[in-house]
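Below: the structure, in structure tokens.
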Amino acid sequence: MSDPDGDLLERFRVVARGCTGDVFATPRHTPAESMMAAARATEELGIDQWDVYAERGAVAQLEQEVAELLGKPAAAMFPSGIMAQQAALRVWCDRAGSPRVGIPELSHLLQHEDDGPRLLHGFRFEHLSTGRSLPTIEDLDRLGAGLAAVLLELPLRDAGCLLPPWEDLVALTGRAHELGMRVHLDGARLWESQPFYDRPLAEIAGVADSVYVSFYKGLGGLAGAVLAADEDVVGEVRRWRKRMGGTLFHLTPYAVLALAGLREHLPRMGEYVAWGRLLAERLVASGVRVHPDPPHTNTFELYADADPDAVNERAIAFMERTSIQPCGIWRAAPVPGLASCEVAVHAAATARDPEEVAGWLMEIIGG
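See the structure below:
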């Protein structure tokens, strides 16, 4: 996807910041509002002590709760998912005596981390799948034995938040284990994936040896991640966390808001996904292409036969007239003549009628 020119992009952002309502944006809180929310959550949760270097307090409580949710013996909190996943892969590669990791070409580690995992740890990444396709057993067999680990991103965000069918996921991870490989799940949006599988989180996480989850996306936290695995593995990733500078003096504010998100948003993930599917149905009926159709998670892509600059101009006019931001920026799709926009459904969207929102989007698209 290509961004619009800088002037149009800046005008869109300025007008969007001035809106008093939105559909798909996450809640807009000032730093003071977020800190006050953290204070309230701290009292409600009964947190009466700070963590010290990620020990005790809210951090210990978060680690325990996530480990139980994912059905793993132990878990460790990290300030970022980037660090958590590097630590997990480093453990698996060191144990195997091999730097080889099978990974989708569109994985976050390859697309958005400035080559850090390879430069810092010497990983040798080999494409388990290419482009917007999902990995298969045939892809794994093509790479052959000798991989230390296989990383699967659930969902594959840069492919439109795609998820493999449950049977395919079980078969692929089972084959990896047969070949002596460890399986790591990039679960940055694992919470959002659970409704697709309609299985307990522990059963989904059970196909893997290590699992990373995030707290600032669907759960609305400030930052932070947790890596869950067996106790000996978590002990090793804690050492790598310290080596990489991730054992901060206090992580309590991040842990508190993560705990709050588990209580506020995790029970509503099914609602967010269902609302998104209702919206998608209405848009498809009006001629808009949705990918995937139906959506696998609360996040999916829209494609319209329109000029993206013209769509963005209409979106700006809509926001100026209504003070509501109905969507994010539209970009030129790889296919000429198509405009594309990603939407992510959270609590704010579910307060609105999907029929009405579909009408707004069709007005902006020009349909």
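Positions in the sequence shown are counted from 1; adding 44 to them yields my numbering. Just so it is clear, CB atoms sit at the ideal spot from N, CA and C, and this is done for glycine as well.
Own chain partners of residue i with C-beta closer than 6 Å, once the 5 adjacent residues on each side are dropped
i	result
residue 332	346, 348
residue 128	122, 256, 269, 271
residue 383	348, 350, 352, 355, 374
residue 227	194, 217, 220, 252, 253
residue 113	245
residue 201	none
Cα-Cα separation between residue i and residue j, rounded to whole angstroms
i	j	result
residue 184	residue 215	11 Å
residue 222	residue 181	12 Å
residue 70	residue 189	43 Å
residue 410	residue 350	8 Å
residue 263	residue 151	21 Å
residue 393	residue 176	27 Å
residue 283	residue 135	10 Å
residue 92	residue 102	9 Å
residue 133	residue 265	25 Å
residue 341	residue 52	30 Å
residue 396	residue 320	11 Å
residue 213	residue 55	43 Å
residue 144	residue 130	13 Å
residue 106	residue 277	18 Å
residue 111	residue 48	42 Å
residue 59	residue 199	31 Å
residue 50	residue 57	11 Å
residue 405	residue 191	46 Å
residue 78	residue 360	28 Å
residue 364	residue 76	27 Å
residue 408	residue 46	19 Å
residue 260	residue 305	9 Å
residue 288	residue 251	28 Å
residue 415	residue 104	Examination of residue 415 is not possible in this model, given that the chain is present from 45 through 411 alone.
residue 174	residue 159	18 Å
residue 211	residue 379	32 Å
residue 334	residue 99	45 Å
residue 108	residue 296	14 Å
Helix, strand or coil at residue i [DSSP, three-state]
i	result
residue 65	strand
residue 198	coil
residue 168	strand
residue 334	strand
residue 340	coil
residue 178	coil
residue 345	strand
residue 218	helix
residue 231	strand
residue 173	strand
residue 76	helix
residue 52	helix
residue 327	helix
residue 206	strand
residue 148	strand
residue 354	helix
residue 193	strand
Any non-hydrogen atom of the ligand NAP within 7 Å of residue i CB
i	result
residue 186	Among the components modelled here there is no ligand, and therefore nothing to report on the ligand NAP.
Close-in-space but distant-in-sequence residues of the same chain around residue i (CB under 7 Å, 5 per side omitted)
i	result
residue 238	245, 248, 313
residue 125	232, 256, 258, 269
residue 326	398, 399, 402
residue 336	204, 206, 344
residue 167	133, 137, 143, 145, 161
residue 197	148, 151, 152, 230
Nearest-angstrom Cβ-Cβ length linking residue i and residue j, presumed shorter than 8 Å
i	j	result
residue 371	residue 389	In fact, because the Cβ distance is near 12 Å, the residues do not count as touching under 8 Å.
residue 118	residue 275	4 Å
residue 65	residue 368	4 Å
residue 208	residue 178	5 Å
residue 309	residue 94	Incorrect: roughly 25 Å between the Cβ atoms, too far for contact.
residue 307	residue 120	Contact flag wrong, Cβ pair sits at about 21 Å.
residue 301	residue 82	6 Å
residue 298	residue 267	5 Å
residue 303	residue 89	6 Å
residue 318	residue 116	Actually they do not touch by this definition, with Cβ atoms about 28 Å apart.
Close-in-space but distant-in-sequence residues of the same chain around residue i (CB under 8 Å, 5 per side omitted)
i	result
residue 147	153, 154, 169, 170, 171, 172, 194, 195
residue 338	321, 324, 325
residue 73	81
Proximity test, Cβ basis, 8 Å: residue i and chain C
i	result
residue 128	Looking at the structure shown, chain C is missing, and only one protein chain is on hand.
Item to check | Runs of alpha helix (DSSP H) lying entirely within the stretch 81-145, each at least 4 residues, in chain order | outcome: 101-114, 125-140
Item to check | Whole runs of the beta strand (DSSP E) within the stretch 234-304, excluding any shorter than 3 residues | outcome: 254-258, 269-273
Next on the checklist: Extract the residue ranges of the alpha helix (DSSP H) inside the stretch 368-408, only unbroken runs of 4 or more that lie entirely within it.
Outcome noted: 391-394
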